[in-house]
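Peer 1: Protein chains in written order, with our numbering: chain R, 639 to 1138; chain Z, 15 to 178; chain A, 528 to 1200; chain C, 6 to 130.
Below: one structure in structure tokens.
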Amino acid sequence: MRSDLVTTGASRAGAGAVTTFQVASPDLEAVVRDLSGLRLADMFASDGDAPTLRLVWANDAGGRQSGYVITETPIGGDQYPELSDIAPAAFVEECEIYEQFGIRPATGKPLNRIMLPPHADLPTLGRKPTREPDEVHAPHTVAGEAFEFPFGPVRQVGVESLYYGLVTSGEEVVDLYLFTWHKHRGLEWRLRGLTPPRALFFAERAEGLSAVALGWALAAAAEAATGIRPPVAAQRARAVALELERLYNHAAAMAALCQSTGLSVGQSAAEIALERLLRLNARAFGHRYLFGVIAVGGAGRAPDADAIRADLPGAYEEFKRAADALLDTNSFVDRLEATGVLTIDQARALGLVGPVARGSGLAADTRLVPGGPYNADIGTGIAVATASAGDVLARFNVMLAEAAESVRLIGQFLDAGTGAATTDLPRTSGTGLGWAESPRGEALAWVQLDDDGRISRARLRPASARNWRGFDDACRSQNVFTDIPIIEASFWLTAAGMAR
Amino acid sequence: MTPEELRETIARQFGRSLHIRTLDTGSCAVCEQEIRLLAAPHYDLHRLGFFFTPAPRHADLLLVTGPMIRAFEVAARKTYDAMPGPKIVVAVGACALGGVYPDDPFTYGTVDAVLPVDVWIPGCPPSPLALLHGLGVAVGRLTEKVRDLPFTAEDDDERIRGAR
Amino acid sequence: MTPLDCFYIAAGAWGAAALAGLLTGRSGGGLRACCALSALGGAAAAAGGGWSLLYGNTPVVSLGTATVTGGPLQLQATSLAGVFAALLGFVAVAIACYAPRYHEPSPGTAVYLAAYNVALIGCLAVLAAGGMVTFLVAWETMSLACYLLILRHPRDRGVARGAFWFLALSEAGFLLVVAAFVILSSKTGYTTLSGIAAHAGTAGGGWRAAAFLLALCGFGFKAGLVPLHVWLPEAHPVAPADGSAFLSGVVVKLGVYGIALFAFRLAPPSGTWPGLVAMGGGAVTAAIGILYAMAERDIKRFLAYSTIENAGIIVTAFGAAMIFHASGQQALWALLLIAGIYHVANHGCYKTLLFLEAGVTEHAAGTRDMDRLGGLVHRLPRSAVIAFVGTLGIAALPPLNGFVSEWLIFQGLFQGFRTGSHLTGILIVLAAGILGLTGGLAIYAFVRGFGIPYLGMPRTRSAAVASEKGQPVLGPALLAVACVALSVGAPVVLFALSRTARTVTGVTLGPLLLPGNLTVIPAHTDFAAFSPTYLTVFLVCALAVPLLIYLAGRPRAGSTTVPVWDGGIVAFRPRMQYSAMTFSAPTRVTFDALYRPSVSVSRLSHDDPAGRSGPVHYEARVTPVFQRYLYRPLVHALEWLADLVRPVQSGDVNLYLLYVFAVILLAYLLGAV
Amino acid sequence: MTLWFVRGLRRGVVTTRYPARPEESARFLPGPPAFRPGALTRETAGRLAGACPSGALRLAESEGQADGGALLFDVGRCTACGRCAAEAPQAVTSSGAFELAATSRSVLIKEIPLRGRNDDTGRTA
């Protein structure tokens, strides 16, 4: 914690990995300036009528993520200090808060459309915005010599609905923006009034490809809110599931990379590994995508340790063989190199997480935060893989290294013993922050429980919601049309996670 | 056209190859992953004469996932309208069948609120095997087993007692 | 009665039109009367030109005695000039039909119409000039009248600049032409053109070549040969539409006429190298012209560059003709002369048409910027059809006229092997290759030139509300009919042109070119043959076949119509269309050495830390290489020189008296020596 | 590319024989529940319906019926989450079925008879 926070008049509360400060609205700007050495992980509002603005800062300086700082600021009117000028990562959340709560940064800079479809009137969490979002991305001037290539929302086969507005001068990508409101299911709106276990059902389905991570984050948030700790064996079961999730996602990303580079033999090899990993999931946890593994207060299912020990080496061997063969294929590596470059400064400014950030050299990993199963009793720590080039190849290499680390961790967790026990959740009020390292990066959840133990405000922030904002920057960096699918595959994000 | 006639036409016309277009109306991306795996070596739906096509103009079958987001209705209708007849709509997954989201301001909750669904494939997500079976049912090459499945297990008194 | 009499009538009518325009041009009736007279003159000139094709050369007629013009007016109607005169007359008729609806009656219009009709007389006089002095005076008259014509709206942005470019380069070219004439007349001792032509042999080969090269450069300024072309893209956009049409359709062609006059009549140089120079210059001009056309958004600048391209094609044909002449291939000499002149007529028709339609577009939609137009085919359907005919013609696609002349040029060039010299043959075929590239790019350019403004959705509000109510139709329609006629009637045209070729070259090509059954054979029977007439008929029938199939196979019931598949977006927006500049992006990338493009991307908030990119304004600019690297240093050098001599003009009367004294002293001294 | 070819040959065929032959891996797939009517009381069924997060289970309207009515199981809505089996393991097992596609929505709604006051009625139903 930074001691100078005290000088800004913030009052401190909380213990362990999460520290909460109360910051008055006039001090907010100064506090944000103070904290700008930390990574702004999330920002959201709660309490519809008199909104409270909450900023979640991750303290991951020096590759040791030591925890989170939350600042709480009650907002009086319908404006608050402009934060994205100081902490650029706040921009998308500023837009989202405006859509949901009708409060906006005081400078009145234009805000984008994030969740609200242009042609539907959806319920919001708080006041409705006084006017439509400005859509600063959308209208490039007609006088310019570029045009918008409309792509989507119905795109290729077997991919999610997503609209790309690709502003191009013919070949070069001048600008790129996304609309994901086609998939906005109002999850945060839906979660109000649900008990945490019911909320978990939706959290798993917010972004099914990180069901474990999001479920874990929500469960951990509820546990933090009520002050319980899940049994250690259950925590290890969660961790096994989380690492299995990482493995299959990286295999799927590898298959997608092959598809985007037109290497269908490589795609087949990667898909064989992927399918074996999914079957392993089904055998070990009873679900191919590990739904239902996480339970609030523990783990819903325990892994079949024998099955994992029997099948994982073979499946990972398949993965490794495909990856090695791909790295030997020059035509593949050439397409990855220097494509979709994100510098470390961009990654830091936009608050990117996961393999994208690590591929650019930011060693951020929530598994390092003390208190979880990862460094409780196993003791060997986690090797966080990073690369510096920031291109697609760097992200691919990070994924490969992470897969190897996951296999090692799974073995350790199984040796340490796993189980499906749960601790019962008391019916109390409270707020809590939960996190987990999804295959795409840090997934965050924050819940506020009422006296009945029901959720009065839940915030879900999958890694996709964070990393899509780096996607257009990566596409803009001197790339042409055909690089975009490759970059998309290397980010391996979901529209579902962004739109929620 | 009655369902029987439709199935007969489809069995006759699509006997050898059938082109599939997918449509995501708000899924969590897992059904999409399973659909992609249909083309993977383990399932290889091409051996059965099914092919994916990105253009609805060439598609005979629409695989719809997700709970049909209201904001997406325009796109869903456009995609359906763009397909030539005869066409089949297959609702895939619990979301599309009403199992996850209710009928509310965000979603219709089920696909058949907007599109005329011919085949329903349950599952969250339906595994590629279930999808293969569903596609077989859709073209009339496989029979509907679920019609005869009672979802009741034989009583096993000892086990019940043991459980008690 | 000779064709010259027709020219007298034309000149008289145009003189009357100029007077009528000047006096009554500020009223609607006066405007119409002036244009009617102008049309009458045009018809007479066209008739005279057409007649002189068949008539051959008339004797030189001298009118009057020594006057201010420095000699009697010497006139002669020649077969070579006949094509140009017919084109001039026809274009004048078309413009006369167009102008009353295009121009508002006003004092400015009155002056403009007077200048325009004087320019017409000047052009006709150039074509009918039988003597050197007459030619030069007519040439100057035409240039000055055109300068006034460009200055129609002198206070508008860029007008003065465009007109000045025109005048400056015209005068530079004029000096070279004077030099060329002086060389020829002093070496032959004649001042009449026919005299020079008859005794050209007495001048040495070197002098003839020098005269030809001077003429090539001098007339090249008018014809728009690279790098002498820079006035075209500056002057065309600022002139009124009919003025630009006249500049491109006629004035540029007079530059080509001048080159042909020196190349084939006055000073046919011996040796192949002058021809090679002309051919090379023409081919380079054609390629660079069309490449620069691809980089333009302004329809008129685009068309101006396309004019440069076409002038290049014609000069290439003339250059190759000279080479064949020098290597004894008389039949190919005549063939390429015919082909070049045919292309002159074709280009005169469709380029005039396209400029007139550009004017319609500008008036109807308020802009010439392609990226602000779009969807005009629904709003200006008549214009669109007419412009489509012109576009097919200029893109040299069958069955329109551009195809016929370009086919003939290519067939001529492909027979370069007949020169007997390997090097020359290779160079000719190389020129054919460059023209091939040009032809391909021209199709690309005109798909863009027609598609972007006319098809798709309107990109701006003014384009969306465009209406062709009250817009001129007749003039462009006449030209469209002419385009079709020049294609379908190709055998007739070729018959007439072969008479010209016989007059100029003495080679009788008629039967070989046209063996009778409407078939064209390029000079040698063993090479190629085709029939433009049958091709047209066939293509029309071929178009009918799919139509019939469609009509026959149209389902009687149960069909549904669904919108275009758009990926499920809510609605197409005009910004989602290909724009003119993005359409040509591949050429900009491929030929970036020539364009030296500079790209500027500006965002609403470029250095915004949050990465909100804001509205993006993207602009790819092309460096005007010749202006920057050739003319700018030249202008700087001239200014530097002017600075040097400035002390001479001090404003001191005593000093000036000293100058006068010095000059007189010098003259006396020289006289004494 | 030749290397890939060799690798592929060495890798062999992994493609399933389904639907011609049964697929071995299917037994690990999560399946919808199967109910033991003998063990399903109205009270149990009510708890199951309450535990089901997707609304696949609900009680049929059954006032005045002697046999205790029925539990309506909508296979289509079932996400195979296993909460019903966790709620009442004695009454619910996994059916293991995955071939669930149907051409009519109503086929997917199954009526599971409940054990009434008289045990035998439920068994024979």
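From the three backbone atoms N, C-alpha and C, an ideal C-beta is built for every residue, glycine too.
1. Looking at C-alpha atoms only, which residue of A1025/R, A1039/R and G992/R is the closest neighbour of F957/R?
2. Could you run through the stretch 13 to 30 of chain C and flag, in chain order, every residue whose CB is less than 7 Å away from some CB of chain Z?
3. Which residues of chain R have a Cβ atom closer than 9 Å to the Cβ of S31/Z, listed in chain order?
4. Which runs of the alpha helix (DSSP H) fall wholly inside the stretch 755 to 836 of chain R and span at least 4 residues, in chain order?
5. Could you pull out every residue in the same chain whose Cβ sits closer than 8 Å to the Cβ of A985/R, ignoring the five residues on either side in sequence?
6. For A665/A versus A656/A, is the C-beta distance shorter than 8 Å?
7. Classify W1106/R as helix, strand or coil using the three-state DSSP reduction.
8. Check each candidate in F785/R, A1021/R, D723/R and C1113/R and name the one with the smallest Cα separation from P743/R.
9. Please report the distance separating the alpha-carbon of V709/A from that of A1055/A.
10. What does the alpha-carbon distance come out to for the pair R35/Z and R26/Z?
11. Is it the case that the Cβ atoms of G36/C and F103/C are separated by a distance below 8 Å?
12. When Cβ atoms are compared, which residues of the stretch 31 to 51 of chain C fall closer than 8 Å to chain R?
13. Measuring alpha carbon to alpha carbon, tell me which residue in A766/A, E761/A and F739/A is nearest S797/A.
14. Could you please give the first and the last residue of the uninterrupted alpha helix (DSSP H) stretch that includes H756/A?
15. Mark H1163/A as exposed unless 16 or more other C-beta atoms lie within 10 angstroms of its C-beta, in which case mark it buried.
16. Give the straight-line distance between the Cα atoms of S704/R and L146/Z, rounded to the nearest whole angstrom.
17. When you compare only the Cα positions, how much space is there between G1135/R and L847/R?
18. For G920/A, name the three-state secondary structure that DSSP assigns.
19. Among S1094/R, V661/R and F729/R, which one has its Cα closest to the Cα of T711/R?
20. DSSP state of E861/R, grouped into three classes?
21. Give the straight-line distance between the Cα atoms of L696/A and A772/A, rounded to the nearest whole angstrom.
22. So C86/C contacts chain R; which residues on that side make the cut at Cβ distance below 8 Å?
23. Taking only beta-carbon atoms, is G81/C less than 8 Å away from chain Z?
24. Can you list the residues of chain R that L49/Z reaches, using a CB-CB cut of under 7 Å?
25. Ordered along the chain, which non-local residues of its own chain (more than five positions away) have a Cβ less than 7 Å from that of H1133/A?
26. If you count every other CB in all the chains shown that lies within 10 Å of the CB of C1068/A, and 16 or more means buried, which is it?
27. Determine the burial state of M528/A: buried for a count of at least 16 other Cβ atoms within 10 Å of its Cβ, exposed for fewer.
28. So for L75/Z, helix, strand or coil by DSSP?
29. Under a Cβ-count criterion, where at least 16 other Cβ atoms within 10 Å of its own Cβ denotes burial, should K821/R be classed as buried or exposed?
30. Taking only the alpha-carbon atoms, compute the straight-line gap between A893/R and Y832/A and give it to the nearest angstrom.
31. Using a beta-carbon distance below 8 Å, is S989/A in contact with chain R?
32. Could you have a look at N928/A and say whether DSSP puts it in helix, strand or coil?
33. Could you name the residues of the same chain whose beta carbon sits closer than 8 Å to that of M669/A, not counting the 5 residues immediately before and after it, in chain order?
34. May I have a chain-ordered list of the beta strand (DSSP E) segments no shorter than 3 residues that lie completely inside the stretch 982 to 1046 of chain R?
35. Our contact map puts T1109/A next to G808/R with C-beta atoms below 8 Å; I'd like the distance itself, whole angstroms only.
36. Quick one: grab the DSSP three-state call for L673/R.
Peer 2: By the coordinates alone:
1. Locating residue 957/R in the first sequence gives position 319, where the first residue counts as 1. Of the listed residues, the one whose Cα sits closest to F957/R is A1039/R.
2. V19, T20, T21, Y23, P24 and E28
3. Taking the second sequence and counting its residues from 1, one reaches residue 31/Z at position 17. Within 9 Å Cβ-Cβ: nothing; S31/Z doesn't reach chain R, min ~15 Å.
4. 825 to 829
5. Here residue 985/R refers to the residue found at position 347 of the first sequence. Counting only Cβ-Cβ distances below 8 Å, and skipping sequence neighbours, we find V994, A995, S998, G999, L1000, G1028 and G1108.
6. For the purposes of this step, residue 665/A is taken as residue 138 along the third sequence, with counting starting at 1. For the purposes of this step, residue 656/A is taken as residue 129 along the third sequence, with counting starting at 1. Yes, Cβ-Cβ distance for A665/A and A656/A is below 8 Å.
7. By 1-based counting over the first sequence, the position of residue 1106/R is 468. Helix, per DSSP.
8. As a first step, residue 743/R must be located in the first sequence, where it is residue number 105. Residue D723/R is the option with its Cα nearest to P743/R.
9. Position 182 of the third sequence holds residue 709/A. Position 528 of the third sequence holds residue 1055/A. Approximately 43 Å between the Cα atoms of the pair.
10. Reading the second sequence from its first residue, position 21 is the one you call residue 35/Z. Reading the second sequence from its first residue, position 12 is the one you call residue 26/Z. For R35/Z and R26/Z, the distance between alpha carbons rounds to 20 Å.
11. The residue given as residue 36/C occupies position 31 in the fourth sequence. The residue given as residue 103/C occupies position 98 in the fourth sequence. Yes, Cβ-Cβ distance for G36/C and F103/C is below 8 Å.
12. F33, L34 and P35
13. As a first step, residue 797/A is located in the third sequence; it is residue number 270 there, counting from the start. Looking at the Cα atoms, F739/A is the closest of the given residues.
14. For the purposes of this step, residue 756/A is taken as the residue at position 229 of the third sequence. That residue, H756/A, is in no alpha helix (DSSP H); it is neither H nor E in DSSP.
15. Looking up residue 1163/A in the third sequence gives position 636. So H1163/A counts as exposed.
16. Sequence index remark: in the first sequence, residue 704/R carries index 66 (1-based). Sequence index remark: in the second sequence, residue 146/Z carries index 132 (1-based). Taking the straight line from one Cα to the other gives about 48 Å.
17. Position 497 of the first sequence holds residue 1135/R. Position 209 of the first sequence holds residue 847/R. Approximately 9 Å, taken between the alpha carbons.
18. Along the third sequence, one-based indexing puts residue 920/A at 393. If DSSP states are grouped into helix, strand and coil, G920/A belongs with the helices.
19. Within the first sequence, residue 711/R is the residue found at index 73, counting from 1. When each option's Cα is compared against that of T711/R, the closest is V661/R.
20. By one-based count along the first sequence, residue 861/R stands at place 223. If DSSP states are grouped into helix, strand and coil, E861/R belongs with the helices.
21. Your numbering for residue 696/A matches position 169 in the third sequence. Your numbering for residue 772/A matches position 245 in the third sequence. Looking at the two C-alpha atoms, the distance is approximately 19 Å.
22. Here residue 86/C refers to the residue found at position 81 of the fourth sequence. F839, F929 and G930, listed in chain order.
23. Counting from 1 along the fourth sequence, the entry for residue 81/C is found at position 76. At least one chain Z Cβ lies under 8 Å of G81/C.
24. Here residue 49/Z refers to the residue found at position 35 when the second sequence is read from its first residue. Inspection of the sequence shows that residue 49/Z is occupied by Ile rather than by Leu. The contacting residues are G796.
25. Within the third sequence, numbered from 1, the residue matching residue 1133/A stands at position 606. Low confidence applies here, because H1133/A scores a pLDDT of 45, under 50, leaving its location unreliable and the question unanswered by this model.
26. Residue numbering aside, residue 1068/A sits at position 541 when the third sequence is read from its first letter. C1068/A comes out exposed.
27. As a first step, residue 528/A must be located in the third sequence, where it is residue number 1. So M528/A ends up on the exposed side.
28. Translated into positions along the second sequence, residue 75/Z becomes position 61. Looking at L75/Z - three-state DSSP - the assignment turns out to be strand.
29. Start at 1 with the first residue of the first sequence, and residue 821/R comes out as number 183. The residue is buried, with at least 16 neighbouring Cβ atoms inside 10 Å.
30. Reading the first sequence from its first residue, position 255 is the one you call residue 893/R. Reading the third sequence from its first residue, position 305 is the one you call residue 832/A. Roughly 50 Å between the two C-alpha positions.
31. For the purposes of this step, residue 989/A is identified with residue 462 of the third sequence, where counting begins at 1. With 8 Å as the cut-off, S989/A does not count as an interface residue toward chain R.
32. Taking the first residue of the third sequence as 1, we reach residue 928/A at position 401. Residue state, collapsed to three classes: helix.
33. For the purposes of this step, residue 669/A is taken as the residue at position 142 of the third sequence. Around M669/A: A646, G649, C650, A652, V653, V778 and L781.
34. none
35. On the third sequence, residue 1109/A is found 582 positions in, with the first residue counted as 1. On the first sequence, residue 808/R is found 170 positions in, with the first residue counted as 1. Correct: roughly 4 Å between the Cβ atoms.
36. What you label residue 673/R is simply residue 35 of the first sequence in a count that begins at 1. Three-state DSSP puts L673/R in a helix.
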